[in-house]
Amino acid sequence: MSVSLSAKQVVKRYGGVVALADGNLEVEAGEVLALLGANGSGKSTLSKIITGVVAPNEGQLHLDGKLVSFSSPNDARKVGITAVYQELSLIPDMTVMENIWLTHEPRTLWRVNKAAMRRGTRDLLALFDGTISAGLTPDALVKDLPPDERQIVEICKALSHQPRLVILDEATASLDSQQVQRLYELVQDWKARGMAIVFVSHRMEEIRLFADRATVLRNGRSVGTRDLANTTDSELVEMMIEGAAQLGERTRAPLPDDAPVRLKVSALRGARLRNISFEAHDGELLGIGGLHGQGQSELLLALFGAIPFSGSVVLSGKSVHFRHPRQAMACDVAFVPGDRATEGLLLSRSILENLHLPSWAKFGTPLKMDRARADAQRSVEELQLVAESLDALASSLSGGNAQKVVIGKWLLRSPKLLLLNDPTKGVDVGAKGEFYQLLDKLRQSGAAIILYSSDDDELIGLCDRVLVFHDGRLTAELAGDQVTRANLVTASMGAHPAAQPQ
Amino acid sequence: MTLLRRLAQMNPALLALLLAVVLFFAGGLINPNFVNVNQAINIVRLAAFLGIIAAGQTLVIISGGEGIDLSVGGVVTLAAILVFRFSGGDTLGLIPAGALALAAGTLIGVINGLGVIAVGIPPLVMTLGMTGVIQGTILVVTQGQLIGSTPPIMAQLISQPLILGIPGVVILWLALGGLMWLLLERTTYGKQLFAVGVNRTTARLSGVRVPRVVITTYALSGFLSALAGVMLLGFTQTVFLNLGGAYLFPSIAAVVVGGTVLAGGKGSYWGTMSGALVLTLIDSLLRAAGIEQAYQSIILGGILLALLSIYGRQHRLRQ
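Protein sequence lines, in the order shown, are assigned to chains A and B.
For the first sequence, my numbering begins at 658 and goes up steadily by one.
For the second sequence, my numbering begins at 3 and goes up steadily by one.
Structure follows, in structure tokens:
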């Protein structure tokens, strides 16, 4: 089984917008090619063209040296090309096995062969043995699975087509580090068997782990392909972002010892939280780490009054128990949710309405729209938001800009306690840098910030202290020099890093 | 093709208004007497009743969550019957009877809202069930006998020319149009209503009390339907058990033709007003063409289906 695919000068336009101006890539059997680029650089469009999801306006695709064109994902699948997407293509109300075998169910003469389907599913899931919970069975409903296991089902679905070329489009974003490691082992096996893999990711660390070569896209054009072994991160970043080579050294003033306590949580319990106690100070950036789905999001939601909990919470010296986000907001608490599209934005409404959704009441009745616009305009400039106008729909924004709107609506309220649920997931490097500066500014203005991040580098680079979660418990509190990758990983597995020599 | 495409990209509310103007002048081709000022006023007067009922429907549909109010017809009938029965046929009696009708409509809306958001009954089922309850209530109130009378002042205020030859109901409708614009575009409730229609999780995580917004919306729908019922009595001068029923399907159609998206979160009342004009014009045109009653119903139903399918397609194009 050997395969080679090349895309040459592929162009895709949506109306007047050019999504891909000059897309080129070549990938061969036995290698992993990374597709790199900032949000909106055309990575997704190029991978969708290769898999037949979108038809290009111009350009050529060659498979094994022969010119091909796909009019549907099914066409591409027939010749052995499938993709695993970050935005999952699973049907929530169907079972794991029904999803995996959808449209190519094993059949007996006259009906679907459920036994074969179940067997096939078990074999596929066995690839991830040890990294998945007992709840992930062929007959489990997809809607009952956590995000990481849904992603694994998505990967199994692609594998069920026995592809020759697989595109992993941000397929690692929801996986924990063990699962990523397992996927890496699988990819090695695929390579050995002559498969070709295209790997799309924002995480440099994973790109280095998985890929042999990288093709970089910028503003819809392929700007070059490099061997990763002899190319540095900053060289790649420079290719991705014109003229923005340095990511910047963050200079951080140490937290004064007498910083007042903004938040004191004692013995907090909830559906997935067991006996959580900690403090957060004014001007402190408190990180929360650990594997995915260990209760980090639940803690933030509970503190914001969005889900029920028991235990004591003292905010600004007053004992509080929020039962609705509205009450938390009245005490200057803000929450930036993890999923922009489903929790953070009103996609089909304007930027203006998104920014002011929590704050309309302060503009009186009838609403003083001039003042609302002026406020929003100022915040847009402060955030360096790139948008056509305040009236542009939130759905027209790129990932980084959309996230700025989600954050901007809370900055407009000058929060004293800011809760962030993995805010940089799927945001490009440039926007991340701006976002970090924003956090720093807020910190300096005296706000307490609690940041859950699935990216260890972010926790190490940004936070004064890091709380590590495992299975709904706090397993470690790391401060200062203790915030190291080794300690984070150890604690996230549920062990005590303090017991380990540094 | 390009013209069609350009039309499809236009603001649907504007498109509906344009369609209304085109239909009006098309009426002249069928019957030259169709195009004159009196006829125009008459059509706007007829459209006003539908437009007022559809105001509540617009709010409910914008609120999303499969929101729809099938009890508007029942509320219209109930409100008209309450005024007819309890006003005693005089001006002074109109005030308590009118207040009773509006309160009854609002109460029905609140119960609809509670059923939908607190109990979790799908709006379609909740409001359809409510229609049955209302019909029963009407029988209890009337004991099966529709006795009563209409205060004469109502005819003067509503259907006869009030200012510059324009009937009161039209002036009231225009005023309602202004108020609805204010409500949707210039109040916190309006902004939160759209947010609830688009994404309830986002709305809640931004501090919106979603249940309160939904209950308020159904309550407003009940109130506005009751208001329409009182108005309609001033026009018909009498009541019958199915007075409002005929307005149910057109009230939904007017909202959709006016560009409000059935999935919620997007729409306007001036679009609905244009939609009400379009539907009333189609109805009047069919009458003017001298088509038999039964065939009129068949053709009107067909046109509504065609319009709704066109708007459904346009919605997909936009996504």
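Where a beta carbon is used, it is the ideal one built from N, C-alpha and C, also for glycine.
Secondary structure note for Leu159 of chain B: its alpha helix (DSSP H) is the uninterrupted segment Pro154 to Ile160. DSSP places His1013 of chain A inside the alpha helix (DSSP H), whose first and last residues are Ile1008 to His1013. Annotated three-state conformation of Pro14 of chain B is helix, per DSSP. Boundaries of the alpha helix (DSSP H) harbouring Val212 of chain B: Val212 to Thr238, taken from the DSSP string. Take Glu806 of chain A, set aside five residues on each side of it, and the residues of its chain with a beta-carbon closer than 8 Å to its own are Ile789, Ser790, Gly792 and Leu793, in chain order.
Around the Cβ of His978 of chain A, a 10 Å sphere holds fewer than 16 other Cβ atoms; the residue is exposed.
Our two residues, Ile43 of chain B and Ser223 of chain B, have alpha carbons roughly 26 Å apart in a direct line. In the structure shown, the three-state DSSP call for Arg779 of chain A is helix.
Boundaries of the alpha helix (DSSP H) harbouring Tyr271 of chain B: Tyr271 to Ala290, taken from the DSSP string.
Linking Asn714 of chain A to Thr760 of chain A through their CA atoms gives a straight-line distance of about 28 Å.
For Tyr841 of chain A, the enclosing alpha helix (DSSP H) starts and ends at Ser834 to Ala849. Short of 6 Å from the beta carbon of Arg87 of chain B, and not among the five residues preceding or following it, lie these beta carbons of its own chain, in chain order: Gly150. Bridge partners of Gly680 of chain A according to DSSP: A:Val667. At a cut-off of 7 Å between beta-carbon atoms, Thr203 of chain B makes contact with chain A. About 5 Å separates the beta carbon of Gly117 of chain B from that of Ile123 of chain B, a gap short enough to meet the 8 Å contact definition.
Between Leu874 of chain A and Leu662 of chain A, the gap from beta carbon to beta carbon reaches 7 Å or more. Under the 10 Å beta carbon count, Arg997 of chain A is surrounded by 16 or more other beta carbons and is classified as buried. Annotation: Val77 of chain B is outside any beta strand (DSSP E); the continuous alpha helix (DSSP H) that includes it extends over Val74 to Phe88. In the structure shown, the three-state DSSP call for Ala797 of chain A is coil.
Asp1027 of chain A is classed as exposed because its beta carbon has fewer than 16 other beta carbons within 10 Å across all chains shown. A distance of 7 Å or more separates the beta carbons of Arg1142 of chain A and Asp1121 of chain A.
For the 7 Å CB-CB criterion, Leu1002 of chain A and Ala1051 of chain A form a contact. Sorting B:Ala177, B:Leu234 and B:Val62 by C-alpha distance to the C-alpha of Leu48 of chain B places B:Leu234 at the top.
Excluding sequence positions up to five before and after Ala815 of chain A, its CB lies within less than 8 Å of the CB of Thr739, Ala740, Val741 and Val823, all in the same chain and listed in chain order. In the three-state reduction of the DSSP assignment, Tyr1109 of chain A falls in the strand class, which pools E and B. The C-beta of Pro1015 of chain A comes closer than 7 Å to at least one C-beta of chain B. Taking Leu302 of chain B as the centre and dropping the five residues before and after it, the same chain places the C-beta of Ile284, Asp285 and Leu288 closer than 8 Å to its C-beta, in chain order. Residues of the segment 254-275 of chain B whose Cβ lies closer than 8 Å to any Cβ of chain A, in chain order: Gly267 and Lys268.
With the criterion set as a beta carbon lying under 8 Å from some beta carbon of chain A, the members of the segment 204-216 of chain B are Thr204, Ala205, Arg206, Leu207, Ser208, Gly209, Val210 and Arg211, in sequence order. The criterion of a C-beta distance shorter than 7 Å is satisfied by Lys1061 of chain A and Leu1040 of chain A. Any Cβ of chain A closer than 7 Å to the Cβ of Arg87 of chain B would place that residue at the interface, and such an atom is absent.
Using a CB distance cut-off of 7 Å, Val200 of chain B counts as an interface residue toward chain A.
Per DSSP, reduced to three states, the secondary structure at Arg188 of chain B is coil, with no helix or strand assignment. Near chain B, meaning a CB-to-CB distance below 7 Å, no residue of the segment 916-941 of chain A qualifies. With the criterion set as a beta carbon lying under 9 Å from some beta carbon of chain A, the segment 7-39 of chain B has no members that meet it. Shown here for Leu1024 of chain A: same chain residues with a beta carbon closer than 8 Å to its own, the five before and five after excluded, namely Trp1017 in chain order.
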